[in-house]
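Numbering (this note's numbering), first residue to last: 3 to 270.
Every residue, glycine too, gets a C-beta built ideally from N, C-alpha and C.
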Amino acid sequence: MSAHTVLIVWSTIVIVPLLWTVMTSFKSTSEIFASPFSLPENWDFTNYVNAWTTSGIGDFFINTVIVVGAALVIVMILGAMCAYVLARFDFFGARAIYYLMLAGLTFPVFLAIVPLFFVLKSVGLLNTLPGLILTYVAFALPFTVFFLYPFFKDLPDEIAEAAEVDGAGEWRKFFQIMLPMARPGMASVAIFNFLGLWNQFLLPVALNTNRDNYVLSQGMASFASQANYAVDFGALFAAVVITVVPVFIVYLIFQRQLQGSVTAGTMK
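Below, the structure is given as C-alpha coordinates:
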(Lines of atoms letter the chains of each structure in order from A and count residues from 1; the text may use other names and numbers.)
(Lines give C-alpha, C1' and ligand atoms only; values in the text may rest on other atoms or scores of the structure.)
Protein backbone atom coordinates (compact mmCIF):
# COMPACT_ATOMS: atom_id res chain seq x y z
CA MET A 1 0.00 0.00 0.00
CA SER A 2 1.49 3.31 -1.08
CA ALA A 3 1.81 6.35 1.12
CA HIS A 4 -0.78 8.20 -0.97
CA THR A 5 -3.32 5.44 -0.41
CA VAL A 6 -2.75 5.55 3.34
CA LEU A 7 -3.17 9.33 3.34
CA ILE A 8 -6.38 9.09 1.30
CA VAL A 9 -7.83 6.47 3.66
CA TRP A 10 -6.83 8.48 6.73
CA SER A 11 -8.26 11.70 5.27
CA THR A 12 -11.53 9.93 4.53
CA ILE A 13 -11.74 8.60 8.08
CA VAL A 14 -11.27 12.12 9.44
CA ILE A 15 -13.26 14.19 6.95
CA VAL A 16 -16.39 12.07 6.49
CA PRO A 17 -17.50 12.12 10.17
CA LEU A 18 -16.79 15.85 10.27
CA LEU A 19 -18.93 16.52 7.19
CA TRP A 20 -21.68 14.29 8.60
CA THR A 21 -21.63 16.29 11.85
CA VAL A 22 -21.93 19.58 9.96
CA MET A 23 -24.78 18.21 7.85
CA THR A 24 -26.60 16.81 10.89
CA SER A 25 -26.33 20.15 12.68
CA PHE A 26 -28.93 21.53 10.25
CA LYS A 27 -31.47 18.77 10.97
CA SER A 28 -34.19 18.53 13.56
CA THR A 29 -34.12 15.70 16.10
CA SER A 30 -36.90 13.83 14.25
CA GLU A 31 -34.96 14.08 10.97
CA ILE A 32 -31.81 12.76 12.61
CA PHE A 33 -33.55 9.62 13.86
CA ALA A 34 -35.66 9.13 10.72
CA SER A 35 -32.87 9.51 8.15
CA PRO A 36 -29.45 10.11 9.72
CA PHE A 37 -27.53 10.05 6.42
CA SER A 38 -29.85 12.10 4.21
CA LEU A 39 -29.55 15.80 3.52
CA PRO A 40 -31.58 18.14 5.76
CA GLU A 41 -34.91 19.41 4.49
CA ASN A 42 -34.17 23.01 5.49
CA TRP A 43 -30.68 24.52 5.56
CA ASP A 44 -31.29 27.13 8.24
CA PHE A 45 -29.42 28.12 11.37
CA THR A 46 -32.18 27.47 13.89
CA ASN A 47 -30.14 24.80 15.67
CA TYR A 48 -27.17 27.14 15.94
CA VAL A 49 -29.33 29.91 17.39
CA ASN A 50 -30.87 27.49 19.89
CA ALA A 51 -27.47 26.13 20.87
CA TRP A 52 -25.97 29.61 21.26
CA THR A 53 -28.83 31.18 23.22
CA THR A 54 -31.27 28.67 24.72
CA SER A 55 -28.64 26.09 25.69
CA GLY A 56 -26.13 28.68 26.88
CA ILE A 57 -23.32 27.61 24.55
CA GLY A 58 -22.67 31.27 23.75
CA ASP A 59 -21.80 32.07 27.37
CA PHE A 60 -19.64 28.96 27.66
CA PHE A 61 -17.90 29.87 24.41
CA ILE A 62 -17.07 33.37 25.65
CA ASN A 63 -15.75 31.97 28.94
CA THR A 64 -13.56 29.52 27.04
CA VAL A 65 -12.17 32.20 24.74
CA ILE A 66 -11.30 34.36 27.76
CA VAL A 67 -9.68 31.54 29.73
CA VAL A 68 -7.81 29.87 26.86
CA GLY A 69 -6.84 33.15 25.19
CA ALA A 70 -5.42 34.67 28.38
CA ALA A 71 -3.70 31.44 29.42
CA LEU A 72 -2.20 30.95 25.96
CA VAL A 73 -0.74 34.47 25.82
CA ILE A 74 0.71 34.19 29.31
CA VAL A 75 2.16 30.70 28.88
CA MET A 76 3.70 31.54 25.49
CA ILE A 77 5.44 34.63 26.86
CA LEU A 78 6.61 32.98 30.09
CA GLY A 79 7.51 29.72 28.36
CA ALA A 80 9.54 31.43 25.65
CA MET A 81 11.40 33.59 28.17
CA CYS A 82 12.11 30.61 30.43
CA ALA A 83 13.27 28.40 27.56
CA TYR A 84 15.47 31.19 26.20
CA VAL A 85 17.20 31.78 29.53
CA LEU A 86 17.74 28.07 30.19
CA ALA A 87 19.06 27.47 26.67
CA ARG A 88 21.26 30.54 26.20
CA PHE A 89 22.58 31.36 29.68
CA ASP A 90 24.95 29.26 31.74
CA PHE A 91 24.28 29.73 35.44
CA PHE A 92 24.18 27.60 38.57
CA GLY A 93 20.99 25.54 38.78
CA ALA A 94 20.00 25.92 35.12
CA ARG A 95 20.05 22.17 34.47
CA ALA A 96 18.16 21.51 37.70
CA ILE A 97 15.42 23.95 36.69
CA TYR A 98 15.21 22.36 33.25
CA TYR A 99 14.89 18.88 34.70
CA LEU A 100 12.22 20.08 37.10
CA MET A 101 10.31 21.35 34.10
CA LEU A 102 10.66 17.93 32.47
CA ALA A 103 9.46 16.31 35.69
CA GLY A 104 6.30 18.38 35.40
CA LEU A 105 5.51 16.57 32.15
CA THR A 106 5.57 13.20 33.91
CA PHE A 107 3.35 14.24 36.83
CA PRO A 108 -0.25 13.00 36.35
CA VAL A 109 -2.72 15.88 36.37
CA PHE A 110 -5.30 14.03 38.47
CA LEU A 111 -2.80 13.77 41.36
CA ALA A 112 -2.64 17.57 41.52
CA ILE A 113 -6.40 18.12 41.62
CA VAL A 114 -6.78 17.99 45.41
CA PRO A 115 -3.78 20.27 46.18
CA LEU A 116 -4.90 22.69 43.46
CA PHE A 117 -8.40 22.73 44.91
CA PHE A 118 -7.21 23.79 48.37
CA VAL A 119 -4.62 26.25 47.03
CA LEU A 120 -7.18 28.04 44.87
CA LYS A 121 -9.70 27.98 47.69
CA SER A 122 -7.21 29.49 50.15
CA VAL A 123 -6.46 32.43 47.82
CA GLY A 124 -10.10 32.97 46.83
CA LEU A 125 -9.71 31.88 43.19
CA LEU A 126 -11.73 28.65 43.30
CA ASN A 127 -14.63 28.61 40.80
CA THR A 128 -13.31 31.75 39.09
CA LEU A 129 -11.99 32.39 35.60
CA PRO A 130 -8.68 33.90 36.85
CA GLY A 131 -8.10 30.77 38.94
CA LEU A 132 -8.71 28.59 35.91
CA ILE A 133 -6.38 30.75 33.80
CA LEU A 134 -3.53 30.38 36.31
CA THR A 135 -4.12 26.63 36.49
CA TYR A 136 -4.01 26.34 32.70
CA VAL A 137 -0.75 28.32 32.61
CA ALA A 138 0.84 26.01 35.17
CA PHE A 139 -0.47 22.99 33.28
CA ALA A 140 0.98 24.08 29.90
CA LEU A 141 4.23 25.73 31.01
CA PRO A 142 6.45 22.60 31.30
CA PHE A 143 5.57 21.40 27.80
CA THR A 144 6.12 24.88 26.36
CA VAL A 145 9.59 25.14 27.89
CA PHE A 146 10.48 21.60 26.83
CA PHE A 147 9.34 22.26 23.24
CA LEU A 148 11.02 25.66 22.80
CA TYR A 149 14.30 24.82 24.55
CA PRO A 150 15.96 23.16 21.51
CA PHE A 151 14.81 25.98 19.20
CA PHE A 152 16.61 28.60 21.26
CA LYS A 153 19.55 26.26 21.91
CA ASP A 154 20.24 25.86 18.18
CA LEU A 155 20.02 29.55 17.26
CA PRO A 156 23.38 30.83 15.88
CA ASP A 157 25.59 32.57 18.43
CA GLU A 158 26.89 34.89 15.71
CA ILE A 159 23.54 36.66 15.41
CA ALA A 160 23.28 37.22 19.16
CA GLU A 161 26.85 38.54 19.21
CA ALA A 162 26.13 40.86 16.30
CA ALA A 163 23.11 42.25 18.16
CA GLU A 164 25.27 42.89 21.22
CA VAL A 165 27.85 44.69 19.08
CA ASP A 166 25.06 46.93 17.74
CA GLY A 167 24.18 47.84 21.33
CA ALA A 168 21.07 45.74 21.79
CA GLY A 169 20.23 44.90 25.39
CA GLU A 170 18.97 41.52 26.53
CA TRP A 171 15.30 42.46 26.27
CA ARG A 172 15.64 43.90 22.78
CA LYS A 173 17.82 41.00 21.65
CA PHE A 174 15.21 38.52 22.84
CA PHE A 175 12.03 40.14 21.56
CA GLN A 176 13.30 41.63 18.29
CA ILE A 177 15.92 39.09 17.16
CA MET A 178 15.91 35.71 18.90
CA LEU A 179 12.16 35.29 19.37
CA PRO A 180 11.27 35.95 15.69
CA MET A 181 13.84 33.35 14.60
CA ALA A 182 12.08 30.77 16.77
CA ARG A 183 8.74 31.54 15.11
CA PRO A 184 8.17 28.02 13.70
CA GLY A 185 8.59 26.56 17.19
CA MET A 186 6.34 29.21 18.70
CA ALA A 187 3.65 28.49 16.12
CA SER A 188 3.84 24.75 16.71
CA VAL A 189 3.68 24.91 20.48
CA ALA A 190 0.91 27.52 20.29
CA ILE A 191 -1.24 25.08 18.30
CA PHE A 192 -0.51 22.21 20.68
CA ASN A 193 -1.24 24.34 23.73
CA PHE A 194 -4.43 25.71 22.23
CA LEU A 195 -5.74 22.23 21.46
CA GLY A 196 -4.84 20.95 24.90
CA LEU A 197 -6.37 23.88 26.76
CA TRP A 198 -9.45 24.21 24.52
CA ASN A 199 -10.33 20.55 25.06
CA GLN A 200 -9.39 20.44 28.75
CA PHE A 201 -12.09 18.77 30.82
CA LEU A 202 -10.68 17.40 34.08
CA LEU A 203 -9.32 20.66 35.47
CA PRO A 204 -12.44 22.81 34.93
CA VAL A 205 -14.75 20.06 36.18
CA ALA A 206 -12.81 19.79 39.44
CA LEU A 207 -11.91 23.46 39.96
CA ASN A 208 -14.77 25.36 38.31
CA THR A 209 -18.18 24.19 39.52
CA ASN A 210 -19.91 27.56 39.17
CA ARG A 211 -22.19 27.18 36.14
CA ASP A 212 -21.83 30.86 35.25
CA ASN A 213 -18.09 30.22 34.69
CA TYR A 214 -18.43 26.96 32.76
CA VAL A 215 -16.15 26.46 29.77
CA LEU A 216 -17.24 24.69 26.58
CA SER A 217 -16.19 21.19 27.63
CA GLN A 218 -18.30 21.47 30.78
CA GLY A 219 -21.17 23.11 28.93
CA MET A 220 -21.23 20.40 26.27
CA ALA A 221 -21.33 17.65 28.90
CA SER A 222 -24.09 19.45 30.78
CA PHE A 223 -26.05 20.09 27.59
CA ALA A 224 -25.86 16.45 26.50
CA SER A 225 -27.09 15.11 29.84
CA GLN A 226 -29.48 17.78 31.07
CA ALA A 227 -32.65 16.29 29.55
CA ASN A 228 -31.75 12.59 29.23
CA TYR A 229 -33.62 11.32 26.12
CA ALA A 230 -35.22 14.71 25.43
CA VAL A 231 -31.98 16.25 24.20
CA ASP A 232 -32.27 18.55 21.18
CA PHE A 233 -29.80 16.60 19.06
CA GLY A 234 -29.85 19.13 16.24
CA ALA A 235 -28.72 21.87 18.62
CA LEU A 236 -26.22 19.45 20.18
CA PHE A 237 -24.56 18.81 16.82
CA ALA A 238 -24.59 22.54 16.15
CA ALA A 239 -22.83 23.07 19.47
CA VAL A 240 -20.20 20.52 18.45
CA VAL A 241 -19.57 22.46 15.23
CA ILE A 242 -19.30 25.72 17.19
CA THR A 243 -16.73 24.04 19.44
CA VAL A 244 -14.64 22.76 16.53
CA VAL A 245 -14.61 25.91 14.38
CA PRO A 246 -12.09 27.87 16.53
CA VAL A 247 -9.63 24.98 16.22
CA PHE A 248 -9.71 25.31 12.43
CA ILE A 249 -9.33 29.08 12.64
CA VAL A 250 -6.27 28.83 14.89
CA TYR A 251 -4.70 26.24 12.61
CA LEU A 252 -5.27 28.42 9.54
CA ILE A 253 -3.64 31.35 11.32
CA PHE A 254 -0.52 29.45 12.37
CA GLN A 255 -0.13 26.83 9.63
CA ARG A 256 1.93 29.11 7.39
CA GLN A 257 4.39 29.60 10.20
CA LEU A 258 4.84 25.84 10.40
CA GLN A 259 6.22 25.84 6.86
CA GLY A 260 9.16 28.02 7.85
CA SER A 261 12.34 27.05 9.60
CA VAL A 262 14.84 28.65 11.93
CA THR A 263 17.52 28.48 9.26
CA ALA A 264 15.32 30.25 6.74
CA GLY A 265 14.62 32.94 9.31
CA THR A 266 18.30 33.63 9.90
CA MET A 267 18.94 34.07 6.18
CA LYS A 268 16.48 36.94 5.76
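In this structure, Ala53 places its C-beta atom within 9 Å of the C-beta atom of Leu238. Under the three-state reduction of DSSP output, Gly236 falls in the helix class. The stretch 155 to 173 makes no contact with the stretch 62 to 76, as fewer than three CB pairs between them are under 8 Å. Rounded to the nearest angstrom, the Cβ distance from Val70 to Leu204 is 15 Å, too far for a contact under 8 Å. In its chain, beyond the 5 residues on either side, Tyr151, Phe154, Lys155 have a beta carbon closer than 6 Å to the beta carbon of Ala89. The three-state reading of DSSP puts Leu157 in coil, since its state is none of H, G, I, E or B. In terms of Cβ geometry, Met78 and Asn195 form a close pair [threshold 9 Å]. In the structure shown, the three-state DSSP call for Val207 is helix. Annotation: Gly126 is outside any alpha helix (DSSP H) and is labelled neither H nor E by DSSP.
Taking the CA atoms as reference points, Glu172 sits about 23 Å from Pro144. Membership of Arg185 in the alpha helix (DSSP H) is indicated by the continuous run 185 to 200.
The C-beta separation of Ala162 from Met188 comes to about 18 Å, leaving the pair out of contact by the 8 Å criterion.
Taking the CA atoms as reference points, Cys84 sits about 7 Å from Val147.
Nearest to Asn215 by C-alpha distance, out of Val121, Leu209, Val51, Leu131, is Leu131. Within 10 angstroms of the beta-carbon of Tyr101 lie fewer than 16 other beta-carbons, which makes it exposed.
In this chain, the alpha helix (DSSP H) harbouring Asn65 covers 59 to 90.
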